[in-house]
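Numbering (our numbering), first residue to last: 20 to 76. Think of the CB as a built atom: it goes at the ideal place given N, C-alpha and C, for glycine as much as any other residue.
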Amino acid sequence: MLTAFAALLLTGRYFNEGPVLVSLSETHGLHKGDVFVITGWAAGMLSLTGLLLVRRR
C-alpha cells in the first residue's frame, strides 16, 4: 500500500511540484517535491523491514 501511494504521488500532478531536477523525457522528470516522496517511501520501507527482522527473532 505504501508503494502504491508513493507511485500515485510521483505520477500525479500537484501544485508547487518545484523545479525539475532530472529530466527523464520531454514531458517527464524528477521534481524537487518528488525527492520528499521518495525519502518518505524509503523510510517507510526501512521501518517495515526492521519490524519484520525483529518479529523473526
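For residue i, the three-state DSSP class (helix, strand or coil)
i     : result
Arg74 : helix
Nearest-angstrom Cα separation, counted from residue j out to residue i
i     : j     : result
Leu43 : Leu49 : 7 Å
Tyr33 : Val54 : 14 Å
Thr46 : Arg75 : 45 Å
Nearest-angstrom Cβ-Cβ length linking residue i and residue j, presumed shorter than 8 Å
i     : j     : result
Leu40 : Lys51 : 6 Å
(Q) Quick check on the DSSP output: what are the complete beta strand (DSSP E) runs of length 3 or more inside the stretch 20-60, in order along the chain? (A) Every unbroken stretch of the beta strand (DSSP E) spanning 3 or more residues and falling wholly within the stretch 20-60 is given here in chain order: 39-42 and 48-50.
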